[in-house]
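If you read the sequence shown in the working numbering, its first letter stands for residue 13, the second for the next number, and so on. Beta carbons are placed, not taken as given, at the ideal position from N, Cα and C, and that holds for glycine.
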Amino acid sequence: MDSLTEGPYRLRYVGPDGTEDAAGLYATRVDGVGNPITAIPSDPSLLDSENWWFAKAFTNDHWFILAQGPLPKIAGIGPVRLGFSNGVVKQGTPIVYAAGLGDYKITPVANNLYTISAATNSESTPSANNYIGKSLSGILEIQEFSAQTSDSPSIPKWCFEKVQ
Numbered sequence: 013m014d015s016l017t018e019g020p021y022r023l024r025y026v027g028p029d030g031t032e033d034a035a036g037l038y039a040t041r042v043d044g045v046g047n048p049i050t051a052i053p054s055d056p057s058l059l060d061s062e063n064w065w066f067a068k069a070f071t072n073d074h075w076f077i078l079a080q081g082p083l084p085k086i087a088g089i090g091p092v093r094l095g096f097s098n099g100v101v102k103q104g105t106p107i108v109y110a111a112g113l114g115d116y117k118i119t120p121v122a123n124n125l126y127t128i129s130a131a132t133n134s135e136s137t138p139s140a141n142n143y144i145g146k147s148l149s150g151i152l153e154i155q156e157f158s159a160q161t162s163d164s165p166s167i168p169k170w171c172f173e174k175v176q
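Next up, the structure:
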């Protein structure tokens with residue numbers, strides 16, 4: 013199984029039943045800062061908006077999903093980093109493109125296939141597993157599942173495609 017390393021990736025949605033849309037649905041920042049991230053077919057004019065930079069968060073298997081790679085630091089001023097963000101961790105919360113970065117646990121399922129789960133907070137449902145999936149309209153959102161393993165067929169998954 014491939015191991016995840018810091019760097020750029022494209023995220024292709026794999027539905028709960030393991031099927032993929034023929035066109036391939038990619039996590040894309042289309043509408044700018046403060047708006048939901050959507051899963052849409054790949055579009056050559058949006059390739060930069062389909063690229064995400066994975067950076068280690070606070071614990072070993074937790075990550076930040078950023079819109080760009082490492083930025084230079086200016087003395088006394090930290091760079092503003094934009095990426096996957098969610099206000100609370102509960103069913104239906106959209107994943108937005110914003111500066112308040114979320115902390116996400118990435119769990120390998122198969123070669124280049126992973127689940128993305130949101131770090132829990134006090135508003136989460138007890139003993140629920142919170143995964144990033146997509147709504148019927150294509151908006152990335154938190155989806156709650158009762159205690160299941162990450163390789164369950166009902167859990168949404170993502171294919172991580174390394175960007176060269």
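Would you grab the beta carbon distance between L16 and F66 for me? Rounded to a whole angstrom, and I think it's under 8 Å.
On the sequence shown, residue 16 is found 4 positions in, with the first residue counted as 1. On the sequence shown, residue 66 is found 54 positions in, with the first residue counted as 1. About 7 Å; that satisfies the 8 Å criterion.
Less than 9 Å between the beta carbons of I77 and I151, yes or no?
Within the sequence shown, numbered from 1, the residue matching residue 77 stands at position 65. Within the sequence shown, numbered from 1, the residue matching residue 151 stands at position 139. Cβ atoms of I77 and I151: not closer than 9 Å.
State the CB to CB distance for the pair Y21 and F172, rounded to an integer number of angstroms; the pair is presumed to be in contact (CB under 8 Å).
Translated into the one-based positions of the sequence shown, residue 21 becomes position 9. Translated into the one-based positions of the sequence shown, residue 172 becomes position 160. Yes, Y21 and F172 are in contact; Cβ-Cβ is about 5 Å, under 8 Å.
Identity of the residues DSSP links to F66 by a beta bridge:
To locate residue 66, count along the sequence shown from 1; it is residue 54. DSSP output for F66 lists G19, I77 as bridge partner(s).
Host beta strand (DSSP E) of V121 (start-end):
By one-based count along the sequence shown, residue 121 stands at place 109. Where V121 is concerned, the enclosing beta strand (DSSP E) stretches over 116-122.
Counting C-beta neighbours from all protein chains within 10 Å, is the total for T40 16 or more, i.e. buried, or is it exposed?
Residue 40 sits at position 28 when you count from the first residue of the sequence shown. With 16 or more Cβ atoms within 10 Å of its Cβ, T40 is classed as buried.
Kindly indicate which three-state DSSP category S97 falls into: helix, strand or coil?
Numbered from its first residue, the sequence shown carries residue 97 at position 85. Strand, per DSSP.
Return the chain-ordered list of same chain residues with a C-beta closer than 6 Å to the C-beta of Y143, the five sequence neighbours on each side being excluded.
For the purposes of this step, residue 143 is taken as residue 131 along the sequence shown, with counting starting at 1. The answer, listed in chain order, is T127, S129, Q155, I167, P168.
Let me confirm a value: N123 is counted as buried when at least 16 other C-beta atoms fall within 10 Å, else exposed. Which label applies?
On the sequence shown, position 111 is the one that residue 123 refers to. With fewer than 16 Cβ atoms within 10 Å of its Cβ, N123 is classed as exposed.
For L37, the residue or residues it bridges with in DSSP
Along the sequence shown, one-based indexing puts residue 37 at 25. BP columns for L37 point to P53.
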